[in-house]
Structures are given as structure tokens and as C-alpha cells.
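Numbering (our numbering), first residue to last: 148 to 578. Think of the CB as a built atom: it goes at the ideal place given N, C-alpha and C, for glycine as much as any other residue. Read through the structure below, which is laid out as C-alpha cells, and then see the notes.
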């Protein structure tokens, strides 16, 4: 075993042979330099992991190439690695683990294919892929998942929030939390890895529920009738030059019964957009007046059809497997963005979202005294807390009691006769 005091001069003086050999330092046990037949020289350190003594096989760890690091720098690194080994660590194993560790993109793909797509709704999987491709992979995709910190998540969350997408930032952070939890369960990250999303302060979101009033429903209904009969008028975009613009009397667009029917069904059933656009004729039971959704956000569920919704379905022409036909009979329609924008503009309903039709369906049910459990059942909610957002609209006994108390106090304040006050309050005279 060759030994020498490892310095720049001594290493420079080592000549290669036809076989690789190691020269060890005379002062620091385990520290040495390996000389390859090619002439390249690499500083190394050898140690025995743990406290097993000579019964444990020694491990060799490369520290760096001669010329890239100096002999003194290599000696310091060797001391540090030997100190780690004495405390029970294994620097070589840690380096191997870091080298083999999966990136965020790799973990995301495993999570999507093995957990999200088989277990969650198709719409949720599509949304998650969009979040990953647009936001996560560009920012963190090539990073080792085990190196992601809370600061990294905070930065990504903050950038999205500042861009005006606070709701997206919050949803994306929840998605990442689920992904890192999955990685921990599958041992795709080291044991003891802390989910970097834990403790994240989410943005406060403004409530976006909007409910159509009777007058707004009437305006929407009138525009829908025009849309499928005489058409909706339109004007050319003043910011674009058009050589052959249509004459004013010809600037009307008639929409297909499938577009108008989709909007009516969304409002009359309270279903989600994808539930209607992906609806197949085979899912409709005309005999029992039901829709049986094989997949939805909350899994399989049945939708009870009211008479108007039933009539809309009966009146739709069949043009393929899907109730709301698209240009391709074998594929569902992707969205209603363009016709919805034109229809809401004509109905003077700026900012109304398609999902607000579902809120309007729920608000009418809750306000009509049907009770939140029934409304939740109609909407396909699996948790009462989801329907609780409509509690302020519920005409329940608490509201009735409040009305009675208020009427009694108001009558007394207006100095009405005692007999009338007692009658309003519903109080019986004691015998």
C-alpha cells in the first residue's frame, strides 16, 4: 500500500501505470488519490459506515478531480466525510440516494398515472395535468423532489396570486400537497421527508357565487329563444379590419338546438358543465325520468329530471352518441365559451359564469324551503358542508322564527293594540 504526504507536488509527481492504483495520505487515514491508466487523478476517501468496525465493508467515495479541486480542499472534504461516518452517516449512500432521487416531473407522472387518473374524475385529472404542464413543470419540474422546500412552494404560490389567479394558486397548492403525500406513501422521497406545502398560508378568495334573479332569468330565457330562432345580433370587432363585413340586417347568428339545449339543461338540472357535455343518450332513462351519470366529480350518481328538463331532452335531435352533439359525432363538445359569451352579452348579464347556473338552481331550491339535504342530493353533494354555502337562502324554521319575532317587535314599536301583537306572535292566553 503506497503512502505519501498528499500535496499538489506529490500528486503531480505520480505517473500512471497500466493499472489504476491508489496512494494514501500518511497523515489522514482513509484519504488518498486514485491514479487511472489514462493519467487522470481523483481524490478519494475510504471509511466504514456505522459502528461495525472491521466487520463492515469499507466504502470509497470520490471527492473531486485533481486540478478541479486542490489537495488542501480535498483534505478538508475528506475530514468532513470521515466525521459524518463517525456519527453514523453514510455520505456515499446519501450521494447515491440523491443521484437516484426522482424529479418533481417524474413523481408527478407516477402520481397521475397510478393515483389520479384511475381514482378521480376525468375532469379533475385533466385540470391537474393542465396545472402541472403550465405551472409546476416550468418552475420545479427538473428539480429533485426531495430538495423542494416550503420557500419554493411559497414563491410559486405567490407568483400565481400576484398574477391575479388566487383561486388557481390555492387549488394548485392543494394538488401539490396531495402529490407529495403520495410520494411519501410510495417511498418516492426519503423517509422523514416533510411535505413542503404544509403550513402554507393560502390567499383569501372572494365568494363567487352568483344567483340569477327572476328578471335575469326572464332576460336569459328571451335571448335563448332568439338564439335558436331569429338569431342573436352581433357587431364587427372595431379593432379588426374587415373587407367584406356582413350587412347590418344580416348580422344575426342562430345557434344549434344542442348549444341552447345544453344551457337550458345546466340551469334546469343543476348539473356541472362536463356532466352535461359528456352526457350520452345511453345515460338517459326516459321511462323513469332519470339521468345516470357513470362518472362525475363525486363519482356515480343519478339525476332526477323535472318536467322542463325532460322536455328539453325529448326535443333535442340525435346526432351521435352524445346528447350535446359536437362537430364530431364520436366526441363530446369541449366547451360553450363562445356562444355563452354572446348569449350573456345579449342578455345583459356581464360576468355571469356557466357554473352560476348551478348556483342559481340551488338557490331557488334552498329559498323555496326544500331544505339543504334535499338540495344537496339534487346537486350530487357527498358532504353537507358543501351545500352549507346556501344556508343563508334556506327558508328553514330559524328564518320563520326570526320573521315572527321581528314582526312582533315591529308591531309593538308601532304601538299596535296588545291583542294584535299577541296574535302576530302566536301567543295563547294562559288560563
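Check	Outcome
Exposure label - residue 187; buried when at least 16 CB within 10 Å	exposed
Complete runs of the alpha helix (DSSP H) confined to the region 394-429 [at least 4 residues]	404-416, 420-424
Bounding residues of the beta strand (DSSP E) (the contiguous stretch that carries residue 182)	178-182
Other residues of its chain near residue 477: CB distance less than 8 Å, five sequence neighbours each side excluded	467, 468
Identity of the residue in 409, 338, 375 nearest residue 399 by Cα	375
Assumed close pair residue 272, residue 263 - CB separation to whole angstroms, cut-off 8 Å	5 Å
Euclidean distance between Cα positions of residue 578 and residue 521	Reliability fails at residue 578, whose pLDDT of 36 lies under 50, so the model's placement of it is uncertain and the value that follows must be treated cautiously. Rounded to the nearest angstrom, the two C-alpha atoms are 42 Å apart.
In chain order, each alpha helix (DSSP H) run of at least 4 residues that lies wholly inside the region 307-334	313-332
Spatial neighbours of residue 448 in its chain, beta-carbon cut-off 6 Å, leaving aside the 5 residues before and after	440, 527
8 Å Cβ cutoff met for residue 259 and residue 276	yes
Host beta strand (DSSP E) of residue 149 (start-end)	149-151
Sequence-distant residues of the same chain with beta carbon closer than 6 Å to residue 323, five excluded per side	344
Every unbroken alpha helix (DSSP H) inside the region 343-386 [4 residues or more]	361-375
Contact the region 151-159 vs the region 173-188: 3+ CB pairs below 8 Å	yes
CA-to-CA distance, residue 325 to residue 646, given in whole angstroms	This structure gives no information on residue 646, because the portion of the chain shown stretches from 148 to 578.
Nearest-angstrom Cα separation, counted from residue 480 out to residue 366	26 Å
Residues that residue 432 bridges to, as DSSP identifies them	437
At least 3 beta-carbon pairs within less than 8 Å: the region 499-514 vs the region 356-373	yes
Buried/exposed call for residue 222, threshold 16 Cβ in 10 Å	buried
Coil, strand or helix - residue 254 by DSSP	helix
Residues near residue 576 by beta carbon distance below 7 Å, same chain, minus five either side	Note that residue 576 scores a pLDDT of 44, beneath 50, so its modelled location is shaky and nothing firm can be said.
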